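Below you'll find the structure, written out as structure tokens, and then a few comments.
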Amino acid sequence: MPEIRTVTVIGAGTMGRGIAEVSAVAGFQTVLYDVDPGQLERAVAAIAANFDRAVAADPPRLSADAAAAARARIRTTTDFDEAARAGDAAIEAVPELLDLKLDVFRRLDAAAAAGALLASNTSTMSITKLAGATGRPERVVGMHFFNPVPRLKLVEVIRGERSAQEAVDRAVELARRLGKDPIVVKDSPGFASSRLGVALGNEAMRMLEQGVASATDIDKAMRLGYNHPMGPLELADLVGLDARLNNARYLDGTLGEAQFQPPAILERLVAEGHLGRKTGRGFYHYDASGKKLGEAI
Numbered sequence: 046m047p048e049i050r051t052v053t054v055i056g057a058g059t060m061g062r063g064i065a066e067v068s069a070v071a072g073f074q075t076v077l078y079d080v081d082p083g084q085l086e087r088a089v090a091a092i093a094a095n096f097d098r099a100v101a102a103d104p105p106r107l108s109a110d111a112a113a114a115a116r117a118r119i120r121t122t123t124d125f126d127e128a129a130r131a132g133d134a135a136i137e138a139v140p141e142l143l144d145l146k147l148d149v150f151r152r153l154d155a156a157a158a159a160g161a162l163l164a165s166n167t168s169t170m171s172i173t174k175l176a177g178a179t180g181r182p183e184r185v186v187g188m189h190f191f192n193p194v195p196r197l198k199l200v201e202v203i204r205g206e207r208s209a210q211e212a213v214d215r216a217v218e219l220a221r222r223l224g225k226d227p228i229v230v231k232d233s234p235g236f237a238s239s240r241l242g243v244a245l246g247n248e249a250m251r252m253l254e255q256g257v258a259s260a261t262d263i264d265k266a267m268r269l270g271y272n273h274p275m276g277p278l279e280l281a282d283l284v285g286l287d288a289r290l291n292n293a294r295y296l297d298g299t300l301g302e303a304q305f306q307p308p309a310i311l312e313r314l315v316a317e318g319h320l321g322r323k324t325g326r327g328f329y330h331y332d333a334s335g336k337k338l339g340e341a342i
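The sequence shown: position 126 = 171 (the working numbering), numbered continuously.
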């Protein structure tokens, strides 16, 4: 496989823009694709704001010159084939919908360079199944980043049933060059992190439904009692309740275990359009900057 100089990111949502940001800071030429030009504009604005905050921090996390250089490494496009052709590594970061991800990998297979590493940022779905949409499953792996991508160090590298060791090693090295601390897991539903995280989040939601404690106190129990940096309901709001519901449905369907069945309160909030921080309401209310204002349930 060729040396990775250019990273293509497919999808300019929260995760995609975060991956593009760390890629550019790490020195890679970075191509960010989305079907929606407005989403690309919002992604570029969010990345620029993050760079500005990093430069203004005391002490600065980035120099002004480093931030300017990173910005210059990012280009955006609504042309899928152009983006796919450009990358020595392509990382898919579209919503957690199986048919959508399968379509992305079919299109990557058709357009990406023969030696390119193809990776999915999925938090739950089978890498083996996604790789089966291509004619090169040995070059497909999972690279599961965590939100917010610029701050959180973990990347799960997922080995599909037909992933070549060379592809796994390449993904581990890429993660390290992006400033992350990777782990390698086998292709099992939910991998290591999401399987634990969804089970914990679902139980917290069921406790809230049953009136065991308030959202604030459930979250405080995990922060203070178990040293979690964020409670499970706060985390669900950050990830997005729609994404958390998709994850729970997938794990429920694949594993069939009671702890993964989506709680009724999660189904209701998503149906009402209350998706967490990004909509201003989930288990908590938020202002326009994402600051938590108080409980919403």
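Virtual Cβ for every residue (Gly too), placed ideally from N, Cα, C.
Remember, it's a predicted structure, so these values are computed and weren't measured experimentally.
#### Entry: Whole alpha helix (DSSP H) elements within the stretch 77–131, 4-residue minimum
Counting only runs of 4 or more, we get 82–101, 109–118 and 125–131.
### Query
Which first and last residues belong to the alpha helix (DSSP H) in which A69 is found?
For A69, the enclosing alpha helix (DSSP H) has its first and last residue at T59 to V70.
### Task
Kindly indicate which three-state DSSP category D332 falls into: helix, strand or coil?
Three-state DSSP puts D332 in coil, outside helix and strand.
### Task
Quick one: using the 10 Å Cβ neighbour count with 16 as the cut-off for buried, is R196 buried or exposed?
Exposed, since its Cβ has fewer than 16 Cβ neighbours within 10 Å.
### Message
What would DSSP say about I228, mapped onto helix, strand or coil?
### Response
Three-state DSSP puts I228 in a strand.
### Query
Are S165 and E137 touching if we call contact CB-CB under 7 Å?
Contact flag set, yes.
### Query
Since V189 sits in a beta bridge, which residues does DSSP pair it with?
The question names Val, but residue 189 is His in the sequence shown. According to DSSP, H189 shares a beta bridge with E201.
### Query
Are Y78 and T51 closer than 7 Å when you measure CB to CB?
Y78 is not a Cβ neighbour of T51, given a cutoff of 7 Å.
### Buried or exposed by the 16-neighbour rule on C-beta atoms within 10 Å, applied to R221
Residue burial is scored here from C-beta neighbours: R221 has fewer than 16 other C-beta atoms within 10 angstroms and is therefore classed as exposed.
### Query
Counting pairs of beta carbons, one from the stretch 199–212 and one from the stretch 85–93, are three or more of them closer than 8 Å?
Taking a cut-off of 8 Å on C-beta distances, the stretch 199–212 does not touch the stretch 85–93, as fewer than three cross pairs fall below it.
#### Entry: Status (buried if at least 16 other CB within 10 Å, exposed otherwise) for Y271
The residue in question, Y271, is exposed, as its Cβ has fewer than 16 Cβ neighbours within 10 Å.
### Query
Looking at C-beta atoms only, is the number of pairs between the stretch 290–300 and the stretch 261–276 that lie closer than 8 Å three or more?
Touching, no.
#### Entry: From V70, V185 and D103, residue whose alpha carbon lies closest to that of D110
Looking only at V70, V185 and D103, the smallest Cα-Cα distance to D110 is reached by V70.
### Query
R326 bridges to which residues according to DSSP?
DSSP lists G321 and H330 as partners of R326.
#### Entry: Same chain only: Cβ atoms within 8 Å of L338, ignoring 5 sequence neighbours per side
Y329, H330, Y331 and D332.
### Query
Taking just the CA atoms, how far does L163 sit from A212?
C-alpha separation (whole angstroms): 9 Å.
### Query
Per DSSP, E340 is paired with what?
Per DSSP, the beta-bridge partners of E340 are Y329.
### Query
Any idea what DSSP makes of Q74, helix, strand or coil?
It is a strand residue.
### Task
Check whether the Cβ atoms of L153 and A129 sit closer than 7 Å, and answer yes or no.
Yes, Cβ-Cβ distance for L153 and A129 is below 7 Å.
### Query
Quick one, which of E48, R118, P140 and V80 has its alpha-carbon nearest T59's?
Distances from the alpha-carbon of T59 to those of E48, R118, P140 and V80 put P140 closest.
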